[in-house]
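A.B. asks: Got a structure for you, questions after.
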Amino acid sequence: LNEFERFEVCELVPRPDKVIVITLKLIYKVKLNELGGILKNKVRLVARGYRQEEGIEFEESFALFSRLEAIRIFLAYAAHKNMVVYQMDVKTMFLNGNLREEVYVSQPDGFVD
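Written out as structure tokens, the structure reads:
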């Protein structure tokens with residue numbers, strides 16, 4: 001949630017009338033080491049967007065990802081040409097997208113205004 005605030009992707013507003021508000025849920029996961037000890041606790045914030053109807057609440061959905069075959073071809077070509085390949089992980093990529101329509105979500109259970 002700190003990233004939401006840092007990137008200024010949302011603001012707390014009063015619940016509007018006649019709009020569908022998407023609920024949010026926190027998913028907790030405990031990562032264990034090979035001995036079964038706790039390595040770290042992780043939490044993910046997910047939106048229950050499956051309650052939206054295409055054409056009513058949104059026009060289209062798109063998730064950018066690469067097919068495994070395309071990645072393999074790219075890596076094989078880079079190896080053939082002795083190219084250096086760098087990797088990076090953008091964990092907050094979805095926070096940088098622009099939406100055409102307004103989307104309202106509720107705070108997860110347990111959060112207070």
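Take the sequence shown: its position 21, counted from the start at 1, is 21 in the UniProt record's numbering, and no numbers get skipped.
Positions of the beta carbon are idealized from the N, C-alpha and C atoms, including for glycine.
The model shown is predicted, which means the values in this text are computed figures rather than measured ones.
Leaving out five residues on either side along the sequence, give the residues of the same chain with a beta carbon under 8 Å from the beta carbon of valine 105.
C.D. replies: Cys10, Val21, Ile22, Thr23, Leu24 and Ala47
A.B. asks: Terminal residues of the continuous alpha helix (DSSP H) containing tyrosine 28?
C.D. replies: It is not in any alpha helix (DSSP H) - tyrosine 28 instead sits in the beta strand (DSSP E) that spans 24-32.
A.B. asks: I need the straight-line Cα distance from lysine 40 to glutamate 34, nearest angstrom please.
C.D. replies: Using only the alpha carbons, I get a separation of about 13 Å.
A.B. asks: So, helix, strand or coil for tyrosine 77, using DSSP?
C.D. replies: helix
A.B. asks: Considering only C-alpha positions, which residue in the set Lys81, Arg44 and Lys31 is nearest to glutamate 3?
C.D. replies: Arg44
A.B. asks: How would you write the range of the beta strand (DSSP E) that asparagine 41 sits in, first residue to last?
C.D. replies: 38-47
A.B. asks: Closest to aspartate 109 by CA distance: which of Arg6, Ile27, Gln87 and Pro14 is it?
C.D. replies: Per the Cα distances, Ile27.
A.B. asks: Name the two residues that bound the continuous alpha helix (DSSP H) containing arginine 6.
C.D. replies: 2-6
A.B. asks: With the cut-off set at 8 Å, would you say leucine 75 and valine 85 are in Cβ contact?
C.D. replies: yes
A.B. asks: Taking Cβ positions, are lysine 29 and lysine 42 nearer each other than 8 Å?
C.D. replies: yes
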